[in-house]
Amino acid sequence: MKVVVVAGIPGSGSTTVLKKALENLEYLHVNYGDVMLEIAQKMDLVEDRDSMRKLSPTLQKEVQKKAAKSIREKSEETNIIVDTHCTIKTPLGFLPGLPKWVLDELQPDRFILIEADGDEILMRRISDTSRTRDMERLKDINLHQEMNRAVSMAYAALTGATVKIIENHNDGLDESVEDMIKTLE
Amino acid sequence: MKVVVVAGIPGSGSTTVLKKALENLEYLHVNYGDVMLEIAQKMDLVEDRDSMRKLSPTLQKEVQKKAAKSIREKSEETNIIVDTHCTIKTPLGFLPGLPKWVLDELQPDRFILIEADGDEILMRRISDTSRTRDMERLKDINLHQEMNRAVSMAYAALTGATVKIIENHNDGLDESVEDMIKTLE
Amino acid sequence: MKVVVVAGIPGSGSTTVLKKALENLEYLHVNYGDVMLEIAQKMDLVEDRDSMRKLSPTLQKEVQKKAAKSIREKSEETNIIVDTHCTIKTPLGFLPGLPKWVLDELQPDRFILIEADGDEILMRRISDTSRTRDMERLKDINLHQEMNRAVSMAYAALTGATVKIIENHNDGLDESVEDMIKTLE
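Residue numbers (this note's numbering), protein chains in the order written: chain A, 5 to 189; chain B, 5 to 189; chain C, 5 to 189.
What follows is the structure, given as structure tokens:
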């Protein structure tokens, strides 16, 4: 069975596209962060999500690996979507979400990046009053998408997996969902 | 001796530039796809090129590796040009042409990407009536070249090889050929 | 302790930003090229910097590895800044400054790229009469920065390190230094 990684920056609409596409497809949909949290809790390392960041790099790496391994194992029985980020934007820079040791365990078959134009993402973030987040400038949004493309090609070189970019423009949700379904079938 | 990988998207003119440059240079010019086909035929896996796509991923990987190894071995006696693609555009996304296990066997010394402006490539494809291909939009052509640059830098990080970009503009073939010759000498 | 790699193309002002930022921080500041030269001299391979380029690829690789290892060892006692290049622009193309075998030994924790707009870099190079260098065109400067971003994300995928981009615009040195200090603290 397949392991497909789906990623998009905040405001790309990746979760919306993915949920709609999965209505008619047989995929187990897991969030990589959730799996990591679960494993760290089982290992008695943390109680809640906030404490995850305080783990030492060595422990974080171990949890990351175990999460990847557990996802790969589940794929023996079912197709799996891994909902995650290509890179996480931190004050120290872009942190790769799927470094080599994760890819070695996860062995993904496909990457799908959901993108939108920078100004669409900017407007979606401004309109989303449910979250307070630091507002990024247009050029920072464009840079984040550029870095995600670059890192996804490094992931592809390491794994042999394909990288599909699906555009999710305003008023184009149906088309994006259809693209996603075709790529998952 | 050297193993040099040359790649360019359809319409970049990579084959034209390469053939002209090789008129006065001592290089064995191999097409990676041809070598794979030959090896798959020897292994009694396929009869023709079309069947190659139907091989299981595991078998494809094995054939890819053997092709890379056989090319590297030939380089003990002669300089070799490997004519291939950085990424192949498929309905499932960009497929890396030289994933890690290929690079480990091939050990390329140099990558050369032949590029042109997106609109030049578009017009060349429209004018080329010898092939029927799905027409890509300008932004898709630009994206493909961007992804090839990104993946070539991942290949470089894995191998230590240099990445040279040679522009092949309209009415500029002589200059491109000269650039190519300088990079191959 | 941390190993932080700082890089920027000529004219980005990386050395200026770095020196100012380090005035108030405890970091050992090493130049990767200097460490390589020192090691090659100890191994009786070369006498001066110019001879470094004439080493065989195999010997260069060995020197590169030893330099990386020696830097990582020093990081047991102190935080280290490694001043180097993501890629070196050569007549044969972009040469990766930190290929896999270097990263495996160096194990960097963070990458910091210093960038400026292409036209700012062009004007700084023209004004710098202390060095004679081949003048690159604006598009070549932009390409070099794009390739450095791409290769840095490949380095990130291989190491798990973060990649921070710090912009160093004209009349903005104080801000760039402040950004650098925050990323190094």
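The beta carbon of each residue, even a glycine, is placed where N, CA and C say it ideally should be. Here the structure is a predicted model, which is why all the values come from computation and not from measurement.
* To do: Kindly indicate if chain A contains any beta-carbon less than 9 Å away from that of residue 73 of chain B.
  => no
* Asked: Leaving out the 5 sequence neighbours to the left and right, which residues in its chain are closer than 6 Å to residue 167 of chain B when beta-carbon positions are compared?
  -> 115, 156, 160
* residue 78 of chain B and residue 110 of chain B look like a contact to me (Cβ under 8 Å); what is the Cβ gap, rounded to whole Å? -> Rounded, the Cβ-Cβ distance is 11 Å, inconsistent with contact.
* In the structure shown, what three-state DSSP assignment does residue 84 of chain B receive? -> strand
* To do: Mind listing the chain A neighbours of residue 7 of chain C? Cutoff is C-beta to C-beta under 9 Å, in chain order.
  => In chain order: nothing, as chain A lies at least about 12 Å away.
* Asked: What span of residues does the alpha helix (DSSP H) with residue 61 of chain C cover, start to end?
  -> 61-78
* Any beta strand (DSSP E) of 3 or more consecutive residues that is wholly inside the region 86-161 of chain A -> 91-94, 97-100, 114-119
* Would you please state the rounded distance, in angstroms, between the beta carbons of residue 152 of chain B and residue 117 of chain B? I believe it to be under 8 Å. => 6 Å
* To do: Go through its chain and collect everything with a Cβ distance to residue 24 of chain B's Cβ below 6 Å, but skip five positions before and after it.
  => 181
* To do: May I have the straight-line CA-CA distance separating residue 121 of chain C from residue 148 of chain C, to the nearest angstrom?
  => 12 Å
* **Three or more C-beta pairs below 8 Å linking the region 123-143 of chain A and the region 61-75 of chain B** => no
* Please specify which runs of the alpha helix (DSSP H), each continuous and at least 4 residues long, are wholly inside the region 29-57 of chain A, giving them in chain order. => 36-46, 53-56
* Which first and last residues belong to the alpha helix (DSSP H) in which residue 168 of chain C is found? -> That residue, residue 168 of chain C, is in no alpha helix (DSSP H); its beta strand (DSSP E) goes 166-171.
* Nearest residue (CA-CA) to residue 48 of chain B, options B/67, B/37, B/99 -> B/67
* To do: Could you check which residue in C/119, C/186, C/138, C/80 has the C-alpha nearest to that of residue 173 of chain C?
  => C/119
* residue 127 of chain C to residue 142 of chain C span [Cα, whole Å] -> 10 Å
* **Bridge partner(s) assigned by DSSP for residue 11 of chain B** => B/88, B/117
* To do: Return no unless some Cβ of chain C is closer than 9 Å to the Cβ of residue 157 of chain B.
  => yes
* Asked: If the cut is a Cβ gap below 9 Å, which residues of chain B does residue 66 of chain C touch?
  -> By Cβ distance, chain B contributes nothing, its closest Cβ being about 12 Å from residue 66 of chain C, past 9 Å.
* **Interface residues of chain F facing residue 154 of chain B [CB-CB closer than 7 Å]** => Looking at the structure shown, chain F is missing, and the protein chains on hand are A, B and C.
* **Beta-carbon spacing of residue 15 of chain B, residue 169 of chain B below 9 Å** => no
* Reducing DSSP to helix, strand and coil, say where residue 183 of chain C ends up. => helix
* DSSP-derived helix/strand/coil call for residue 178 of chain C -> helix
* Limits of the unbroken alpha helix (DSSP H) element including residue 18 of chain B -> 18-26
* Asked: Would the beta-carbon of residue 11 of chain A fall within 9 Å of that of residue 158 of chain C?
  -> no
* Of all the CB atoms in chain B, is at least one closer than 9 Å to the CB of residue 97 of chain C? -> yes
* Identify each residue in the region 129-154 of chain B for which the Cβ-Cβ distance to at least one residue of chain A is less than 8 Å, and report them in chain order. => 147, 150, 151, 154
* Apart from the five residues on each side of it in sequence, which residues of its chain come closer than 6 Å, Cβ to Cβ, to residue 73 of chain B? -> 109
* Would residue 58 of chain C count as contacting chain B if we go by Cβ distances under 9 Å? -> no
* To do: Check whether the Cβ atoms of residue 26 of chain C and residue 188 of chain C lie closer than 9 Å to each other.
  => yes
* Starting from the Cα of residue 125 of chain B, find the closest Cα among B/9, B/7, B/13 and give me that residue. => B/13
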